[in-house]
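The following block contains the structure:
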């Protein structure tokens, strides 16, 4: 089990950000520094910004586009790719959707398929922390 504090940028705003690292087996590249990822129970899948994906050597050439619909009901294009996700003391291959239209400052979103289906997450707002247990720890 790993514990992470909530990020609280202002009063009454609590953001579930956790540090992760990413790798790409096709290029043997790993991002050496941790990147903050948003835990998003409303996201069906995991998303990654094109900036980070391209730093790992990713190319959308030959990839089939997949469209998703955001909370504001706007469609946006993505391209699927598998990256190695290093999170909560574990690593595994995770399918991400590469997006050119992510909000500034938001570079990784961890969603239901790819993150929450592999971890139990407890949002303990009273104690200002999240507890993450990988399913393989049970």
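Numbering (our numbering), first residue to last: 96 to 233.
For every residue, glycine included, the Cβ atom is placed at its ideal position computed from N, Cα and C.
None of the values given here were measured: they were computed from a predicted structure.
Proximity below 8 Å, CB of residue i to CB of residue j
i: residue 118; j: residue 177; result: no
i: residue 126; j: residue 183; result: no
i: residue 223; j: residue 100; result: yes
i: residue 192; j: residue 140; result: yes
i: residue 229; j: residue 214; result: yes
i: residue 190; j: residue 172; result: no
i: residue 219; j: residue 225; result: yes
i: residue 108; j: residue 129; result: no
Status (buried if at least 16 other CB within 10 Å, exposed otherwise) for residue i
i: residue 198; result: exposed
i: residue 148; result: buried
i: residue 162; result: exposed
i: residue 135; result: buried
Enclosing beta strand (DSSP E) for residue i [first to last residue]
i: residue 230; result: Element bounds for residue 230: n/a, residue is neither H nor E.
i: residue 185; result: 185 to 194
i: residue 97; result: 97 to 100
i: residue 205; result: 203 to 205
i: residue 218; result: 214 to 219
Identity of the residues DSSP links to residue i by a beta bridge
i: residue 132; result: 113
i: residue 172; result: 162
i: residue 177; result: 190
i: residue 224; result: 100 and 219
Limits of the unbroken alpha helix (DSSP H) element including residue i
i: residue 147; result: 145 to 150
beta-carbon residue i near the ligand NAP non-hydrogen atom, thresh 7 Å
i: residue 176; result: Absence of the ligand NAP is noted for the structure shown, with no ligands found whatsoever.
> Per the contact definition of three or more C-beta pairs closer than 8 Å, is the region 202 to 220 in contact with the region 128 to 145?
Replying inline: yes
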